[in-house]
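In our numbering, the protein residues as written are 647 to 1588. Idealized CB from N, CA, C, for every residue including glycine. All values reported here derive from a predicted model rather than from experimental measurement.
This is the structure we're talking about:
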């Protein structure tokens, strides 16, 4: 086996083709020379294990050097090439030497060499597995190497160091520490000492032995200054600071860096960057702060950018603002300034977004805190980049507004407006923002006083939309009137507005009214008259009614003393004043109308009814409908007073005038006037006038129910005075037109029928009554007059039937008598049924009459049977016959008395009052007679 390997090794010298750098090429040349010498020596000493071992070591070393070159070549390849390459072929050269070393080592192991040789072979095999990334097998072989190595043998040290490296890379710092600790002191003079001590320091740090780690890292940093050792100075210096920072001892880290030659700010910055990579952001921030607080401007600038990044990432708004304030004071290069500006605007925008969130709006302290920071960051951004000026100042204002800092918000908006860049979008948006703030109820009067006029004047000047401009003018006008009480500016603004908006009549009139009210409140009649004079000269279109009202105001202002006199009770002075206004040619028509009305009221209050009537009639003639409506209740009271004082003609005349004048309107007082007119008209037998007047009012705006009630009053008047034809005319021509209700009509027809019956004409309304009675379903809801009349018509029929019944006389022979008795009993049953039907109709009068007829039928029948005596018969037969008929007569008489009691009960139960009842039920009731006078006291007692 060894022979074959030797032959392969010799061939490899000739076939090696990878291009090595100069240093590696020299080393490989030396290895090749030694391998040649070993091959030569092997010819003479074939079983020399140490020669084989040395060859294995050389192949391992050669493979390691070639692998380094292969790795370097691989990393220099393009990424796309790396993805396509066959790695097995690419690393084939170095792998071949590793395999040869392994094969030689395995061949030696078969010879059972001594412990030292075994230790070396295990090391070689382990290293080969390590290169092939077979970590478990590598660790196992390194452990075997350690166990088989003689005491203090170098290969045991190397194996322990290799195990330490493996566990260090795997993150098992307890084991890496254990292996490093056992041999680190043995390699103090080795150039790689600093490298292994560096790893040991980190292992101690990771297992919590931080003081030991700091001490060891300091030693690495110190030894790295010597060319004797691998240079780990920069890394060690950085890590010392990190260890101190992690321990919380930043002062020691600062002292360490300050004691070092060079730039401490750089060390702080580098340490910060290292911690940043490790995601130790708070420690990194601490390092960057130290670098920022130093004197080196380069690292001060770099650290500032990093601090902004960290505090932005973790939403630390307070600290972010602290360092953002330093941007303009720090020397930043263009790229750094750009990056710092990015973080500032990003944080400001983020805070602006949070200010708009619903859950924050309910937290005023949060809104105030975030709003202030956002506003200041926007302000800083425009200091960093002047091109952001208008935009940043606008959003600063928005942020202050969200924080309810209105004064600062207006200050920021005002800076945008003051730039006078009217084409900039933020100019108009700032104007709009200021308007919103100024319109807010929470804005103080002092702030409004400072900005209101300027803002709205500027807005009016630059706004293109006429609608929006007009609204702004109205706001400014209200400000002048309500807050400044400045009539001069309000008038100037009004005339400008009215000139541009002559058709906005309602708005113009409202503004005039407010100016007039302001003059009145300031009791400045001269300026008021001057304003009205100027208003008339401009020819601004106004409605006639408004002009009239304005004239009235002026007139009231001129004659205010009259009103004061009236209020104080000086009626004579007030009356003289109103008479003066009425007769004065300069007085307006409205003033005269009001004067006439007030004169009538004053005469009414003083009790002069004749003059009151005269002036009230004049006022009604002259006043406008709107004015009458306003004083309608007063008119009603005065006219009612006339009726109470029996001035019927005057009251009716004024009522006619007033209702005719107000025909086109609805007013609750009109109904009372109409009712009073009808009552007084009927009371004075002026029914025809009343009918005509109600007919006239039917064309006016009265409810149908009101007119119906009015005609019902007249109808009842005719019924009461038994004027059947007139009542019938009212029913046919008026009442029927205002109601379709059969129940209502039944009441009218019932009353007419009753009156007609009393005039001996019971059939005139019979057909109409029966139609209504048969048509309705709920007969109990009919008027009692209707029920009475329909029932009485049934009584009339009943009376005919009873008369027919009574007219049937008894006669013999016996057969004929029996048939007649049978007929009469049948007829009597039918009469009883008819009476029951009449009673069920619910008419008390009909009930009494029908019962009377029924009782009469029984009485007459009883009498006829009792008094009948057959002719042509023997005395015995007659006696026997009369005895048998006596029982029938008694039964009929008993039934008659029973019906009388039954009628009594019905009358008493239903509280029936009828003139028939007394004659029927109280016949034979003895009443005591008295002669002479009777004295009684006031209570009716004797």
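Checklist entry - Which class does residue 656 belong to by DSSP, given the choice of helix, strand or coil? => result Note that residue 656 scores a pLDDT of 42, beneath 50, so its modelled location is shaky; the value from the coordinates is reported in the next line. Here residue 656 sits in helix by DSSP.
Checklist entry - Do you know offhand how far residue 705's Cα is from residue 743's? => result 5 Å
Next on the checklist: For residue 1117 and residue 1107, I'd like the C-alpha separation in whole angstroms.
Outcome noted: 13 Å
Next on the checklist: I need the straight-line Cα distance from residue 961 to residue 1019, nearest angstrom please.
Outcome noted: 12 Å
Next on the checklist: Taking the alpha carbon of residue 880 as the reference point, which residue from 840, 874, 898 has its own alpha carbon closest?
Outcome noted: 840
Next on the checklist: For residue 1030 and residue 973, which I take to be in contact (beta-carbon distance under 8 Å), what is that distance rounded to the nearest angstrom?
Outcome noted: 6 Å
Item to check | residue 651 (DSSP reduced to helix, strand or coil) | outcome: Summary for residue 651: the model assigns pLDDT 45, below 50, so the residue's position carries little reliability, and this model does not support an answer.
Next on the checklist: Using 7 Å as the threshold, is the C-beta distance between residue 810 and residue 825 below it?
Outcome noted: yes
Item to check | Separation of residue 1434 from residue 1408, as counted between CA atoms | outcome: 12 Å
Checklist entry - Can you tell me whether residue 1479 is buried or exposed, with buried defined as 16 or more other CB within 10 angstroms of its CB? => result exposed
Checklist entry - For the stretch 1486–1499 against the stretch 1462–1474, are there 3 or more C-beta pairs whose distance is under 8 Å? => result no
Checklist entry - Just to confirm, are residue 791 and residue 773 a CB contact at a threshold of 7 Å? => result no
Checklist entry - Taking just the CA atoms, how far does residue 1274 sit from residue 1297? => result 17 Å
Checklist entry - Smallest Cα separation from residue 925: which of 1526, 888, 1093, 937? => result 888
Next on the checklist: On the DSSP letters alone, give me the boundaries of the alpha helix (DSSP H) that residue 1160 sits inside.
Outcome noted: 1151–1167
Item to check | Within 7 Å, strictly: CB atoms of residue 1072 and residue 1037 | outcome: yes
Next on the checklist: Suppose the cutoff is 6 Å on Cβ atoms and the five residues either side in sequence are ignored; what does the same chain contact list for residue 1429 look like?
Outcome noted: 1392, 1393, 1396
Item to check | Straight-line Cα distance separating residue 847 from residue 885 | outcome: 10 Å
Item to check | Inter-stretch contact at 8 Å, needing at least 3 Cβ pairs: the stretch 1437–1450 / the stretch 1484–1494 | outcome: yes
Checklist entry - If you draw a straight line from the alpha carbon of residue 912 to that of residue 946, how long is it in whole angstroms? => result 9 Å
Checklist entry - residue 665 to residue 703, Cα distance in whole Å? => result 22 Å
Next on the checklist: Just verifying my parser: in three-state terms, what is the DSSP assignment at residue 1254?
Outcome noted: coil
Checklist entry - How many angstroms separate the CA atom of residue 1178 from the CA atom of residue 1098? => result 28 Å
Next on the checklist: Quick check on residue 1066: does DSSP put it in helix, strand or coil?
Outcome noted: coil
Checklist entry - Under 7 Å between the Cβ atoms of residue 1197 and residue 1224? => result no
Checklist entry - Are three or more beta carbon pairs between the stretch 1353–1372 and the stretch 1312–1327 nearer than 8 Å? => result yes
Item to check | Closest Cα partner of residue 914 within the set 949, 1371, 1283, 1305 | outcome: 949
Checklist entry - Are the beta-carbon atoms belonging to residue 778 and residue 814 less than 7 Å from one another? => result no
Item to check | 6 Å CB neighbourhood of residue 1539 in its chain, flanking five on each side removed | outcome: 1508
Checklist entry - Count the other CB atoms within 10 Å of the CB of residue 721; is the residue buried (16 or more) or exposed (fewer)? => result exposed
Checklist entry - For residue 1048 versus residue 1058, is the C-beta distance shorter than 7 Å? => result no
Next on the checklist: Mapping the DSSP letters down to three states, classify residue 1382 as helix, strand or coil.
Outcome noted: helix
Checklist entry - Just checking, does the stretch 1514–1521 make contact with the stretch 1536–1553 on the three C-beta pairs under 8 Å criterion? => result no
Next on the checklist: Just to confirm before moving on: does the CB-CB distance between residue 989 and residue 1021 stay below 7 Å?
Outcome noted: no
Item to check | Neighbour flag for residue 736 against chain B, beta carbons, 7 Å | outcome: The structure shown contains no chain B; it holds only a single protein chain.
Checklist entry - For residue 650, which residues of its own chain have a beta-carbon under 7 Å away from its beta-carbon, when the five flanking residues on both sides are left out? => result Any reading at residue 650 needs caution, since the residue's pLDDT is 40, under 50, leaving its predicted position unreliable; the model's value is listed next. Cβ neighbours of residue 650 beyond the five flanking positions: none.
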